[in-house]
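Novice: One structure, as structure tokens, below. Some questions next.
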Amino acid sequence: MPEPGDLVGRTIAQRYRIEQLVGGGAMGDVYRARHIGLDTDVALKIMRPSIAGESNFKERFYREAKAASRLEHPNSVRVLDYGQEPDGVVYLAMEFLRGRDLLHVLHTDGPLSDERIVDILVQTLAAISTAHGHGIVHRDLKPENIMIVQGDDDGRDGVKVCDFGIAKLIDARAFKSHEDVKTELTTGNAIIGTPEYMSPEQARGESLDARSDLYSLGVILYRMLTGRLPFDAENAIGIAVKQIMEEPVAPSRVVERVNPRLEAICLRALRKDPRDRYATAKEMRAELRAVLGVPPPAASSSGPAAPEPRVVAHAATELEGAETLSDGFAPRLTTPMVSAGVAPPQTTPMEPPPPDSSEVVVPLESSRRFLGIALVALLGAVALTAAAFVWTWTPEPTSGAGLVATAPAAESPAATPLPDVTASGAEAPPLATSTRTSTRVPARTSPAAREAAGPSASPPRPSASTAPPAVPSSAPATQPISPPSAPPAPPAAEYRPTNALVTRGPLTTERVQRDVLERKLADLAPRLNDCYRDALFMTGAPVGGRAQIHMSIDPAGHVVSVITAPQLPPFQRCAGRLVSSLSVPPQAVEAGGGTAEQNLELIP
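The opening residue of the sequence shown carries number 2 in the numbering used here; numbering runs sequentially from there.
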């Protein structure tokens, strides 16, 4: 079976001529291909041989592709065709999109207006609601899987939700028992989902329903509001533990000027208990519309819409080897939008099943013990270090605290004098400096007002041995006048790493063909830039410097990498997953495997 990376120029199924590699992940690569008969572009996903060779994969793949092809919705990417070549190449043909994924939009256009945030999420929820109505849980919603394309002629965004198909769509009614599902529908001992966007129940390997997708959308909304993720850690296990155990810091404590209604929607979607979240995508969409005062669309005259069925998925539970622990492989295209011109296959729409008979079950691996062991180990380490650290269930808002502590105090009105300093030498109250504390200075009261207020408002009387100072009755006592306070410093401009860049130095290799690996790394360059910009957004500072890629290539051509970038852990983690998704042809590697190294320069 040929390696996916060497398919450019080949014709698949006698009609799809592969022209360019546009994305890749742990499960396969995505190419831009040309439909020879229709003369239009399609996106062709080619599964990796190691995945396609798993037992029962073909039957499962066809079932899942057929389920994905039923999602006829303007905000879902259409699945057009699927099949397997005589030499074992498994492919999935989809609508080809020219646009930008949401992660790229956040990097280049952020921060987004409230109106744009609502518009993008409302369209996303429309696609998700339809999927849930067909008994489908996405399980990997993240900005990379939400494509922004040109919409109306007035410049409005169009949204397409990607990656519904692989290892995520199972109709439970096709099986006689749950054990059949567990046996036949595994996903390579991998947790399905991206840890940064994973619901707590998904991280625990429990049964999932539609509300797990809504949690992921809550994470996406959090990032749209703040430019950062609610949880971050050094590795996938650490992030999963935080998803389970920690509450997110409110967006308004991370950045200023957050719409309080959007914040409330975000925090409700991020609640740990699924019962405390929105029950359906339609309910969350209605709340978002209400933020802008947009009424929900009128109900169809054919009668009330059928309720969304209960959708249940069982996630595999080992945090390695999964497509979604890499960057996924949604196409990253930045050319102007053109119509693909490929009509979807004429299929009979699937009627939404009744609520009691529409469970969707996705494989539950016996490897759930892996995450449990990791959690026990982590908690044990915390217990051993209790003498030096105090465990708290609510994390400190690191970035938010810095904002509050350094924000300048509002200037007092010029017409408001400072409080009196009494004869006994009492000091005036200090001015507040935190933006969370009122900076108003109490107005000075006149002598007449103090007389009317009674003894409690009067200054202390002089003792009998001390003569009161002679003060003319027509003028109050002279007070020292403080110099006017300096005007507040202008707020620091928010750092936006739109032009941040990763440059690559010379590649050194041993026992692997350098030009082959160099081409693979060159194809990854735009996505390495995305990793870097994403890490800078999360950090909120222009962190640069040097990094290094250490690669080990096995005899089959699979790359395992370690990225050394201690000054920027989020980049180190993202780039490591990205490079580890590479593979080279086995003939490019000598017996016993090879190694390679490359220096990187991070330019903020």
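Glycine included, each C-beta is placed from N, C-alpha and C at the ideal position.
From the DSSP output, read off the bridge partner residues of R547.
Specialist: In the DSSP output, where bridge partners are listed per residue, R547 has E602.
Novice: Nearest to L113 by CA position, among S582, V23, D30 and I221, is which residue?
Specialist: When only C-alpha atoms are compared, the closest one is I221.
Novice: Would you tell me roughly how many angstroms separate the C-alpha atoms of R278 and E264, rounded to the nearest one?
Specialist: Approximately 14 Å, taken between the alpha carbons.
Novice: Which residue marks the beginning of the beta strand (DSSP E) containing L502, and which one marks its end?
Specialist: Unbroken beta strand (DSSP E) run through L502: L502 to E511.
Novice: Can you grab the Cα-Cα spacing for the pair C163 / R290, in whole Å?
Specialist: Roughly 23 Å separates the two Cα atoms.
Novice: So, with DSSP's three-state summary, where would you put M199?
Specialist: Coil at M199, not helix or strand.
Novice: Grab the span of the alpha helix (DSSP H) containing K283 for me, first residue to last.
Specialist: Here the alpha helix (DSSP H) through K283 covers A282 to V292.
Novice: For I624, write down the residues that DSSP places opposite it in a beta bridge.
Specialist: In the structure as shown, the chain begins at 2 and stops at 605. Residue 624 is therefore absent and cannot be evaluated.
Novice: Does the segment 567 to 584 come close enough to the segment 537 to 545 to have 3 or more Cβ pairs within less than 8 Å?
Specialist: Judged by Cβ distances under 8 Å, the segment 567 to 584 makes contact with the segment 537 to 545, as three or more pairs qualify.
Novice: Return helix, strand or coil for A331, following the three-state DSSP convention.
Specialist: A caution first: A331 carries a pLDDT of 38, below 50, which makes its placement in the model too unreliable to give a value.
Novice: For V563, which beta-bridge partners are listed by DSSP?
Specialist: V563 pairs with H551.
Novice: Find the nearest neighbour of G594 within the set S584, G506, L601 and E602, judged by alpha-carbon distance.
Specialist: Ranking the options by Cα distance to G594, first place goes to S584.
Novice: Quick one: what does DSSP say Y17 is sitting in, helix, strand or coil?
Specialist: Three-state result, Y17: strand.
Novice: Taking the straight line between their C-alpha atoms, what separation do you get for N236 and Q573?
Specialist: The alpha-carbon atoms of N236 and Q573 are separated by roughly 10 Å.
Novice: Taking the continuous alpha helix (DSSP H) assigned at H133, which residues delimit it?
Specialist: H133 -> alpha helix (DSSP H) spans D115 to G134.
Novice: In the DSSP assignment, what residue or residues form a beta bridge with D110?
Specialist: None; D110 has no bridge partner.
Novice: Quick one: residues in its chain with C-beta nearer than 6 Å to the C-beta of P196, no 5 flanking neighbours on either side, listed in chain order?
Specialist: Cβ within range, chain order: A237, I240 and A241.
Novice: When the Cα of T509 is compared with those of V256, R528 and S553, which residue comes out closest?
Specialist: Considering only alpha carbons, the answer is S553.
Novice: Once DSSP output is grouped into helix, strand and coil, what is the label at Q85?
Specialist: The answer is strand: DSSP assigns Q85 an E or B state.
Novice: Quick one: measure Cβ to Cβ for K59 and Q85, integer angstroms, because I've assumed they're closer than 8 Å.
Specialist: Rounded, the Cβ-Cβ distance is 6 Å, consistent with contact.
Novice: Return no unless some Cβ of chain B is closer than 7 Å to the Cβ of E197.
Specialist: Of the protein chains in this structure there is only one, and it is not chain B.
Novice: Less than 7 Å between the C-beta atoms of I37 and L103, yes or no?
Specialist: It is not a contact, given that the beta carbons lie outside the stated cut-off.
Novice: What three-state label does DSSP hand S208 in the structure shown?
Specialist: Three-state DSSP puts S208 in a strand.
Novice: CA-CA distance, I266 and I52?
Specialist: Rounded to whole angstroms, I266 to I52 spans 39 Å at the Cα level.
Novice: Considering just the uninterrupted stretch of the alpha helix (DSSP H) at L522, what are its terminal residues?
Specialist: First-last of the alpha helix (DSSP H) with L522: R515 to T540.
Novice: Along the chain, where does the alpha helix (DSSP H) that runs through G100 open and close?
Specialist: Note, G100: premise wrong, no alpha helix (DSSP H); not H, not E.
Novice: Report the rounded CA-to-CA distance for V259 versus A597, giving the unit in angstroms.
Specialist: Rounded to the nearest angstrom, the two C-alpha atoms are 46 Å apart.
Novice: Determine whether the beta carbon atoms of V90 and Q124 lie at a separation below 7 Å.
Specialist: Not closer than 7 Å, so no.
Novice: Look at the Cβ atom of Q244, then the Cβ atom of M199, and state whether they are nearer than 7 Å.
Specialist: Cβ distance < 7 Å, so Q244 and M199 count as in contact.
Novice: Pairing CB atoms from the segment 62 to 78 with CB atoms from the segment 91 to 100, are three or more of them under 8 Å?
Specialist: The segment 62 to 78, when compared against the segment 91 to 100, does touch it at the 8 Å Cβ threshold.
Novice: Nearest to R11 by CA position, among L39, I47, G25 and G24, is which residue?
Specialist: Checked all of L39, I47, G25 and G24; the closest Cα to R11 is I47.
Novice: Pull up the DSSP beta-bridge partners for S584, would you.
Specialist: DSSP, once it has assigned bridges, lists H559 as partnering S584.
Novice: Looking only at its own chain, which residues have a Cβ that is under 8 Å from the Cβ of A526, when we skip the five neighbours before and after it?
Specialist: These residues qualify, in order along the chain: V503 and R505.
Novice: P556 and V580: beta carbons closer than 7 Å?
Specialist: Not a contact, by the Cβ cut-off of 7 Å.
Novice: So, with DSSP's three-state summary, where would you put Y646?
Specialist: What is shown of the chain runs 2 to 605, which leaves residue 646 out entirely.
Novice: CA-CA distance, R99 and V150?
Specialist: If I take the Cα positions, the gap works out to 7 Å.
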